[in-house]
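Structure first, then comments.
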Amino acid sequence: MSDSYKIQVQQTGDTFECAADDAILRGGQRAGLGLSYDCNVGGCGSCKFELVEGEIENMWEEAPGLNPRDVKRGKMLACQCRPKADSVIKMITMDEFVPQTNPQRFMAKLEMIRDLTSDIREFRFQSANGFSSFQPGQYALLNLEGVEGGRAYSMSNIGNEDGTWDFIIRLVPNGKGTNALFKLSEGDEIEIDGPYGMAYLRTDSSRDIVCIGGGSGLAPMLSIARGLDAAEGMDDVKLHLFLWCPWSQRHVWRRRTQGAGTTYRSLYLLSSGIDSGDGRTSRLDRLCWFCS
Ligand SMILES: Cc1cc2nc3c(=O)[nH]c(=O)nc-3n(C[C@H](O)[C@H](O)[C@H](O)COP(=O)(O)OP(=O)(O)OC[C@H]3O[C@@H](n4cnc5c(N)ncnc54)[C@H](O)[C@@H]3O)c2cc1C
Ligand code: FES
Numbered sequence: 001m002s003d004s005y006k007i008q009v010q011q012t013g014d015t016f017e018c019a020a021d022d023a024i025l026r027g028g029q030r031a032g033l034g035l036s037y038d039c040n041v042g043g044c045g046s047c048k049f050e051l052v053e054g055e056i057e058n059m060w061e062e063a064p065g066l067n068p069r070d071v072k073r074g075k076m077l078a079c080q081c082r083p084k085a086d087s088v089i090k091m092i093t094m095d096e097f098v099p100q101t102n103p104q105r106f107m108a109k110l111e112m113i114r115d116l117t118s119d120i121r122e123f124r125f126q127s128a129n130g131f132s133s134f135q136p137g138q139y140a141l142l143n144l145e146g147v148e149g150g151r152a153y154s155m156s157n158i159g160n161e162d163g164t165w166d167f168i169i170r171l172v173p174n175g176k177g178t179n180a181l182f183k184l185s186e187g188d189e190i191e192i193d194g195p196y197g198m199a200y201l202r203t204d205s206s207r208d209i210v211c212i213g214g215g216s217g218l219a220p221m222l223s224i225a226r227g228l229d230a231a232e233g234m235d236d237v238k239l240h241l242f243l244w245c246p247w248s249q250r251h252v253w254r255r256r257t258q259g260a261g262t263t264y265r266s267l268y269l270l271s272s273g274i275d276s277g278d279g280r281t282s283r284l285d286r287l288c289w290f291c292s
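Under the numbering used here, the first residue of the sequence shown carries the number 1, and numbering increases by one thereafter.
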């Protein structure tokens, strides 16, 4: 078996070497090609492709990103397929998907774990090769021993020269990846693969920014707040963060956003009545607003 195979994109004629243990999508991104994608974990279907010639192995046949019609038409997901031979594929490529930084796979040591709430933790990893280059708002895949497929997590810091990658992660009951992650101890090593993602801070636009998320969804919002602070010529851009959280946690989340970017002008904490004792669970009943 060869270590890598040559993949050609039929429409553009672009070719790239894809390692035998790598996904077609990620191999193409590593080579700097704009293969279309979004989630990278088999869920969205944005990376659909057709095999014209060659041989491909599907790593996750049941991935929800394909509907029965896609399967019938021979479509596959480039984030879930790896090459078994030199191949030609038909797949959408666009300039907007060309990576700002070509993603890498690298080992990283868990430097710090901090509990934010009973089921949400911050993790700080240090890359072994010092690599930490990404756009504010992007994500990376964490590859965990014994867990099939990488898990996507947004960075909460910004690219730096220290090699650090920070994440805010919620433990999912019975979730394979998060249960493995929450068993890690400081000093343990995992493989990180990134950066990926199109929902990153654009510094060529002066439009105001609105970010909406809940709980661990604060991670990319913090990264964008920090990125905005660090960017030149963005002082007039207003950033509004809307964060959904249980009412009892409002001070935790407010503290977590303080000092994480002075540029954001407004933090709106939205809470349902889940733990407010009034029995209401499904509608917005509290809104508090903080100005930085
Ligand atoms: C772009 C993006 C950014 C995210 N950022 C964050 C974040 O900052 N913080 C956070 O807490 N969560 C984040 N998530 C959610 C996170 O990726 C996980 O889905 C979540 O933590 C549950 O993982 P789990 O392994 O515990 O659950 P599981 O139910 O075991 O796994 C669910 C995930 O694993 C994938 N998967 C399951 N089985 C396989 C398989 N056999 N092969 C390949 N893939 C498989 C699924 O597509 C799904 O993504 C993000 C998700 C995406 C797509
Ligand atoms: S990028 Fe979402 S399914 Fe492949």
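No residue lacks a Cβ here, since even glycine has one placed at the ideal position from N, Cα and C. It should be emphasised that the depicted structure is a prediction, and the values quoted were computed from it without experimental measurement.
Residue range of the alpha helix (DSSP H) that includes residue i
i: residue 142; result: Unbroken run through residue 142 is the beta strand (DSSP E), 139–143; no alpha helix (DSSP H).
Supposed close pair residue i, residue j - CB separation, criterion 8 Å
i: residue 108; j: residue 192; result: 5 Å
i: residue 243; j: residue 214; result: 7 Å
i: residue 268; j: residue 240; result: 7 Å
i: residue 4; j: residue 20; result: 6 Å
i: residue 143; j: residue 30; result: That pair is no contact at about 15 Å.
N- and C-terminal bounds of the beta strand (DSSP E) containing residue i
i: residue 10; result: From DSSP, residue 10 is part of no beta strand (DSSP E); its letter is neither H nor E.
i: residue 51; result: 48–53
DSSP bridge partner residues for residue i (one or two, in chain order)
i: residue 155; result: 167
i: residue 39; result: DSSP, once it has assigned bridges, lists no residue as partnering residue 39.
i: residue 18; result: 5
i: residue 25; result: BP columns for residue 25 are empty, so no partner.
i: residue 33; result: Residue 33 is not bridged to any residue.
Could you tell me which uninterrupted alpha helix (DSSP H) segments, each at least 4 residues in length, are contained entirely in the region 55–132, listed from first to last along the chain? 68–72
Tell me the start and end of each unbroken alpha helix (DSSP H) in the region 168–207 that is at least 4 residues and wholly inside, in chain order. 176–181
Every unbroken alpha helix (DSSP H) within the region 199–254, with a cutoff of 4 residues, ordered by chain: 218–230
Would you list the residues whose beta-carbon is nearer than 6 Å to any heavy atom of ligand 2, in the order they occur in the chain? 37, 38, 39, 40, 42, 43, 44, 45, 46, 47, 65, 77, 79
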